[in-house]
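Everything on this sheet refers to the single structure shown next.
Residue numbers (our numbering): 1 to 177.
The structure is reproduced here in structure tokens:
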């Protein structure tokens, strides 16, 4: 009886080849006037949801922000040197600076009150402070158990989510306020 040996690695693609293929497929440049990425930081404080957007080259006059209870849309425009009449006579060697209109809509993880939102724009950074609605804020309740002293427990107030941050499942407060 003859045994044949086969290696489980024989049919695998070498790592270098797989990485080269990945880089070739993912590093595609947008043509001129293509979509522009808007870099964001989004974080939550006890009372607010805060967003910082990097918008270099954008003027405050060319910036528009709209907010609802669960989304924020940031629209901006960067003018191009090619919009100038005399630019037709120029010889262009590179034209890589992003320009044109672009926007980004963010689905918010908590509901906010857009009527009380605040925005500031300085040095190409847009900062939005969006107060959370009362129902989205965490409240600290005193839980009294028989034979034990009171112990503070975080209780989330979002509908459909048991418990608060760091609280084990099954110990959430689900009653009416």
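We put the CB at the ideal spot given by N, CA and C, even for glycine. Only a predicted model underlies this, so the values are computations on that prediction, with no experimental measurement involved.
Own chain residues within Cβ distance below 6 Å of residue i, not counting five before or after
| i | result |
| --- | --- |
| residue 55 | 76, 124, 126 |
| residue 74 | 53, 65, 104 |
DSSP state of residue i mapped onto helix, strand, coil
| i | result |
| --- | --- |
| residue 88 | helix |
| residue 111 | coil |
| residue 16 | helix |
| residue 134 | helix |
| residue 101 | strand |
| residue 80 | coil |
| residue 144 | coil |
| residue 120 | strand |
Given residue i as reference, the closest of the options once Cα atoms are compared
| i | options | result |
| --- | --- | --- |
| residue 116 | 134, 17, 80, 100 | 134 |
| residue 83 | 96, 49, 100 | 100 |
| residue 63 | 120, 143, 47, 16 | 120 |
| residue 132 | 45, 38, 21, 79 | 45 |
| residue 109 | 118, 90, 130 | 130 |
Cβ neighbours of residue i in the same chain (closer than 8 Å, five flanking residues each side left out)
| i | result |
| --- | --- |
| residue 40 | 51, 52, 53, 54, 104, 106 |
| residue 31 | Annotation note: pLDDT 43 at residue 31 (below 50); position unreliable, coordinate value reported separately. Correct list: empty, nothing qualifies. |
Cross-strand partners of residue i (DSSP beta bridge)
| i | result |
| --- | --- |
| residue 72 | 67, 106 |
| residue 50 | 43, 129 |
7 Å Cβ shell around residue i - same chain, five flanking residues per side excluded
| i | result |
| --- | --- |
| residue 118 | 129 |
| residue 43 | 50 |
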